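Structure, as structure tokens:
In our numbering, the protein residues as written are 308 to 523.
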């Protein structure tokens, strides 16, 4: 029997990937690096600084900036990204999410967010679902990013269950690898990227019910 749910945010609860891409592309253009949507797949599910490092490596500019300059670049990208998020509304929830969260709350199933995004609280507020979650792991408190299982273990602890008692939801391979490494049952949410190692793959949360998952 499972006792709680742990969700990634982007690609599972809502799709802000397009905003991430626009913000990273503008920044990359500014420093003379050209990225496209194919390259952007590498940035899904990983932290802001890890994303920047991959962009710099792709443009052969890993050593072109100091640590302070890199932090400033990452902050500039985030400022632009947050500006793009201002128009988010509950209509931007992915199909089935609101109903699934409502059902989980009705059955007293605790839910946590395990996202690399430091903007998770803001995004959940814009989507109108912040009250559906009992805990949000602060990525700034982590020592390692996905695919390390740390964030998922912390999420389970935050809702007072063991990882083995949790179902994790992810749309990115790095996240799925982290869920499995934590010892959770893994639901892969297909968003165009081929996923490996998931216990179950769905296109939307309309494809599965709370009751079914609790029996896993």
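Backbone N, C-alpha and C define an ideal beta-carbon position, used for all residues, glycine too.
For clarity, every value in this text was computed on a predicted model and none was experimentally measured.
- For residue 501, the three-state secondary structure derived from DSSP is coil.
- Per DSSP, residue 512 is not a residue of any alpha helix (DSSP H), being assigned neither H nor E.
- Distance check between residue 396 and each of 430, 369, 371 places 430 closest, using alpha-carbon atoms only.
- According to the DSSP secondary-structure assignment, residue 420 is paired through a beta bridge with 314, 443.
- Per the coordinates, the alpha-carbon of residue 508 lies some 17 Å from the alpha-carbon of residue 309.
- Relative to the Cα of residue 414, the nearest Cα in the group 393, 439, 325 belongs to 439.
- Residue nearest to residue 333 within the set 487, 385, 436, 462 is 385 (criterion: CA-CA distance).
- The beta carbon of residue 494 sits closer than 8 Å to those of 474, 475, 476, 477, 505, 506, 507, 508, 509, 515, 520, all from its chain and outside the five residues before and after it, given in chain order.
- In the DSSP annotation of this structure, the continuous segment of the alpha helix (DSSP H) that includes residue 482 starts and ends at 480 to 489.
- Residue ranges of uninterrupted alpha helix (DSSP H) with 4 or more members, entirely inside the stretch 442 to 477 and ordered along the chain, are 457 to 465.
- In the structure shown, residue 496 falls within a strand segment according to DSSP collapsed to helix, strand and coil.
- The Cβ-Cβ distance between residue 387 and residue 330 falls below 8 Å.
- Judged by pairs of C-beta atoms under 8 Å, the stretch 420 to 435 touches the stretch 445 to 455, as three or more such pairs exist.
- Judged by DSSP secondary structure, residue 346 falls within the alpha helix (DSSP H) whose first and last residues are 344 to 347.
- When DSSP states are grouped into helix, strand and coil, residue 321 belongs to the strand group.
- Excluding five sequence positions before and after residue 369, the CB atoms of its chain that fall closer than 6 Å to its own CB belong to 363, given in chain order.
- Take residue 497, set aside five residues on each side of it, and the residues of its chain with a beta-carbon closer than 8 Å to its own are 478, 508, 509, 510, in chain order.
- When beta bridges are read from the DSSP output, residue 400 appears opposite 321.
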